[in-house]
Amino acid sequence: MRWKLFAFLLPWLLTGAFVAYAIIASHYHIHNCGCIHTIGLEVYKDQECTQLCTSISWGTLYPGETVTRVVYAKLLGNTPATLSMTYGNWTPSEAQNYITLSWNYTGDTLNPGDVLPIEFTLSVAENITGIEQFEFYITITASG
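What follows is the structure in structure tokens.
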């Protein structure tokens, strides 16, 4: 008798758990923008360098999620250079406690006119709370 009751209740319990998860997950999506500022180079959305990139939209993010976006850096000027990147000026400031940014640039020297694909990876901590949207600034500098 208990087995039949369990078999009857199991689908309902699983459905309830799924619905509860969906409700909770939908309340923790995070809207965002990563604004890009450059010095000595330009950053583009496309490899042909026809669409200037002034911000990165990371899409809707969830706790524990990691998202990668590719931009294309084109060196300006007439001397070889290397790139450096900083990011900050978070709004709200608490976002910096839960979100990190990295890139795959390895320090190679770029020559004038070179176009380099760069992957930016944004990681959101599992324990993020209270942040429904954020904005921060990425500064990429060419020096050499």
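For the sequence shown, the working numbering puts the final residue at 446, and the numbers step up evenly by one. Just so it is clear, CB atoms sit at the ideal spot from N, CA and C, and this is done for glycine as well.
- Less than 8 Å separates the beta-carbon of A383 from that of A444.
- In the same chain as G366, and ignoring 5 residues on each side of it, the C-beta atoms closer than 7 Å to its own belong to V426 and E428, in chain order.
- Apart from the 5 residues on each side of it in sequence, Y389 sits with its Cβ closer than 8 Å to the Cβ of G336, L403, F438, Y439, I440 and T441 in its chain, given in chain order.
- Residues V426 of the same chain have their beta carbon placed closer than 6 Å to that of I401, with the five preceding and five following residues left out of the count.
- As computed with DSSP, L418 is found in a beta bridge with A375.
- In this structure, the alpha-carbon of I358 lies about 17 Å from that of K376.
- Among the bridge pairs identified by DSSP, S357 is matched with C337.
- Look at A383 here: in three-state DSSP terms it is strand.
- If you check the CB distance, T370 and T423 come in under 8 Å.
- Separation of the CB atoms of Y407 and L378 is rounded to 17 Å, and the pair is thereby denied contact status at 8 Å.
- Here A397 carries a helix assignment [DSSP, helix/strand/coil].
- Taking C-beta separations shorter than 7 Å and ignoring five residues to either side along the sequence, the partners of G409 in its chain run T384, following chain order.
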